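Below you'll find the structure, written out as structure tokens, and then a few comments.
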Amino acid sequence: MQSPPADIAEMNQWVDDHSEYIGSTDLDDHSNEHQWIGHIETHTYSGADGTNFQNIIAAGGAFERMIDNPSWIDLIRTFINPVSGLSIHENLLSVRGKGGYIGIHSGGHVPLSYMTFKQEVTGEWMVGQINCITALNDIGPGDGCTTIIPGSHKCGTIHPSMRDGNGIYYSDQAAGNHAGMVELYLNKGDTLIFTDKITHGSTERINEGNRRITLYRYSPRFVSTRFNYELSDELLERLTPERKEILQPIPPRRPPEK
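The working numbering puts the first residue of the sequence shown at 7, with every later residue one more than the last.
Structure (structure tokens):
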């Protein structure tokens with residue numbers, strides 16, 4: 007799946023225009039957190055994962071068009087199941103420099119409500135969360151690529167490396183050469199789709215420069231957004247009905263104005 011080159015160029019230009027907000031990948035460095043660019047907040051999960059521009063859809067343009075990108079939106083609806091509706095749990099732009107990575111996390115053993123995969127009785131698709139990673143530049147060997155363990159979403163055994171973390175969900179180790187991990191390389195503009203239930207992470211970036219991706223995480227409409235960012239009036243006014251239904255699948259109910 008590919009995004010239009012013009013959209014990729016536009017998103018890269020946004021990164022270039024806001025480079026002063028990009029922090030280090032030092033595990034203990036959280037200094038670049040909680041800066042605001044309008045309704046976009048800078049954030050890091052661990053320091054090592056680099057800078058995340060959370061709620062990036064607020065930047066509009068190509069980021070807004072990604073909400074229902076025709077390359078993948080029909081697949082997303084199918085796997086989550088049309089009866090469940092659709093929402094975006096989290097949306098961000100990630101910029102990760104040399105030395106950066108994200109640790110091993112998720113797996114079939116994790117008892118989180120959004121980590122469903124199939125309806126147990128009928129076997130219908132019922133994926134609780136789907137990650138869509140779009141590469142804004144080429145991501146090859148040494149670039150800090152995404153890694154997964156095929157089939158781990160159906161496995162109840164905890165990955166041995168995760169036992170060094172909290173033993174349930176996450177281990178703060180780069181996911182490079184750990185047992186079962188497969189590296190997934192992307193060309194600029196490619197989109198990688200996988201269930202968040204699968205055990206995954208990334209290799210450590212050893213090359214110079216930055217790994218740039220967008221991550222849009224889709225869930226059933228009943229799943230609340232991860233950080234509960236409030237949609238601005240400007241964004242709500244310019245959204246198409248289809249995009250608004252994804253971002254605000256359950257509209258707020260208020261008493262009538264007097």
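For glycine and all other residues, C-beta sits at the position ideal for the given N, C-alpha and C. The model shown is predicted, which means the values in this text are computed figures rather than measured ones.
Query                                                                                                            : Result
Closest by C-alpha distance to residue 37, when choosing among 250, 29 and 160                                   : 29
Three-state class that DSSP yields for residue 136 in the structure shown                                        : strand
Presumed contact (8 Å Cβ cut-off) between residue 55 and residue 108, rounded CB distance                        : 5 Å
For residue 211 and residue 24, the rounded distance between their alpha carbons                                 : 21 Å
Residue 159 vs residue 181 beta-carbon contact at 8 Å                                                            : no
Straight-line Cα distance separating residue 163 from residue 226                                                : 26 Å
Residue environment, residue 61, which counts as buried when at least 16 other CB atoms sit within 10 Å          : buried
Beta strand (DSSP E) segment containing residue 118, residue limits                                              : Careful: residue 118 lies outside any beta strand (DSSP E) and carries neither H nor E.
Spatial distance of residue 230 from residue 95 (CA atoms)                                                       : 7 Å
Minimum length 3: unbroken beta strand (DSSP E) runs contained in the region 12-83                               : 46-49 and 57-60
CB contact flag (residue 113, residue 165, <8 Å)                                                                 : yes
Within 8 Å, strictly: CB atoms of residue 68 and residue 17                                                      : yes
Residue of 85, 106, 236 and 14 minimising C-alpha distance to residue 32                                         : 106
Three-state secondary structure assigned by DSSP to residue 214                                                  : coil
Terminal residues of the beta strand (DSSP E) in which residue 110 lies                                          : 109-111
Residue 252: first and last residue of the uninterrupted alpha helix (DSSP H) it sits in                         : 247-253
Beta-carbon separation (whole angstroms), residue 75 vs residue 144, contact threshold 8 Å                       : Actually they do not touch by this definition, with Cβ atoms about 20 Å apart.
Residue 178, enclosing alpha helix (DSSP H) - first and last residue                                             : Per DSSP, residue 178 belongs to no alpha helix (DSSP H); it is in the beta strand (DSSP E), 176-180.
Whole-number beta carbon distance between residue 138 and residue 190, since they are thought to touch under 8 Å : Not confirmed; about 13 Å, so no contact.
Length of the line joining the Cα atoms of residue 209 and residue 243                                           : 40 Å
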